[in-house]
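In UniProt numbering, the protein residues as written are 1 to 179. Worksheet: one structure, shown below.
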């Protein structure tokens, strides 16, 4: 029966399901860019987003042997990226509190040209939301995660995810209407 399924998959053009155990390399290859985009939307700096994701993979590598279920590794990585992004934002806030204000570096003309005006407005509006609301919206609409996955990644209940998303969408709509 298994041979038949493999032959049908070959005829269908779909690659066969992985037969071996999931490896860290597989996770890195398949999910790294999605995790970088997630981190980028949370921390708003490409280099920092890359660092956050790299730290998440490093942490997973350190704890790989203690992982009970390799299939849960992606959830671990998402949670690590969200928590790492929170830490970065917390450090930034602390640094801002103790340093004089400075001019924020503007985005390059090249990166601005790549974004549509509407997308730029939404990203700018997202930065005005409280951190938890921003996290929930980014995970939901840019990360395309379910409410349960968001709850797991952020450490809040599913009901809190729903109410936070609703409040965040209302706030985002008000911000967008006022621009």
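Note that CB positions come from ideal geometry on N, CA and C, so glycine has one too. Small disclaimer: the values here were computed from a predicted structure and weren't measured.
Contact annotation, residue 53 with residue 89: C-beta distance approximately 15 angstroms; criterion of less than 8 angstroms not satisfied. In the structure shown, residue 175 falls within a helical segment according to DSSP collapsed to helix, strand and coil. In the DSSP annotation of this structure, the continuous segment of the alpha helix (DSSP H) that includes residue 59 starts and ends at 46-62.
With respect to residue 56, residue 36 sits apart: the two C-beta atoms are not nearer than 8 angstroms. Sorting 70, 91, 171 and 66 by C-alpha distance to the C-alpha of residue 136 places 171 at the top.
If you compare the alpha carbons of 30, 22, 83 and 139 with that of residue 64, the shortest gap goes to 22.
Counting only the Cα atoms, residue 121 lies some 10 angstroms from residue 127.
Closest option to residue 87, judged by alpha-carbon separation, among 116, 150, 48 and 147: 48.
Around the beta-carbon of residue 118, fewer than 16 other beta-carbon atoms lie within 10 Å, marking it exposed. Counting along the chain, no alpha helix (DSSP H) covers residue 69, and no H or E run does either. Counting the other CB atoms within 10 Å of its CB gives residue 125 a total of 16 or more, which places it among the buried residues. Residues 158, 161 and 162 of the same chain have their beta carbon placed closer than 7 angstroms to that of residue 147, with the five preceding and five following residues left out of the count. A distance below 6 angstroms between beta-carbons, with the five flanking residues on each side excluded, links residue 41 to the following residues of its chain, in chain order: 138 and 142. Counted as a single uninterrupted DSSP element, the alpha helix (DSSP H) harbouring residue 150 occupies residues 147-154. In the three-state DSSP reduction, residue 23 falls in the coil class, being neither helix nor strand. Using a Cβ distance threshold of 8 angstroms, residue 60 and residue 31 do not count as a contacting pair.
Residue 122: member of the alpha helix (DSSP H) spanning 117-126, first to last residue.
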